[in-house]
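Reminder that position 33 of the sequence shown reads as 33 in the UniProt record's numbering, one-by-one numbering, no gaps. Presented below is the structure to which this report refers.
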Amino acid sequence: MTEPISLSAVTQADKPLGMRKNGKQWHALKKAFRPTAGLTTFEKRTKERAQMAQMKAKENEMKAEKKAERQRKVDAIREKRTKKAEKERYEKLAEKMHKKRVERLKRKEKRNKLISS
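Structure (structure tokens):
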């Protein structure tokens, strides 16, 4: 069966070591070198790698969504500016030309855009 732990074993482990004789109290005490102490099992490493890959994929997906949203906004602003410039150009043409001719030119350009795209 199990033996009860003696009181002296508990007190020895909890007892502080006191002041060091060489005056290096600020240094941490060295422990025994155990090269295999920090190693993990292969299964644990593969699970961690899979989780890391999943996290990276999610981050990349979120970055792509953010980039697409930003690009959509940029495209909307660009299109709005081109429409405004086109409208101003037609207004200038209307001042110089007859109104029916300007309307005809607008229709002609719309047709050309639809055919080309």
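Glycine included, each C-beta is placed from N, C-alpha and C at the ideal position.
Subject >> Between the CA atoms of residue 80 and residue 51 - distance to the nearest angstrom >> reply: 44 Å
Subject >> Sequence-distant residues of its chain with Cβ nearer than 6 Å to residue 93 (five each side left out) >> reply: 102
**OP:** If I'm right that residue 106 touches residue 90 with Cβ under 8 Å, what's the distance once you round it to whole angstroms?
**Re:** 7 Å
**OP:** Give the straight-line distance between the Cα atoms of residue 87 and residue 108, rounded to the nearest whole angstrom.
**Re:** 15 Å
Original post:
Hey, quick one: how far does the alpha helix (DSSP H) through residue 116 stretch, first residue to last?
Top reply: 99-116
Subject >> For residue 42, the three-state DSSP class (helix, strand or coil) >> reply: helix
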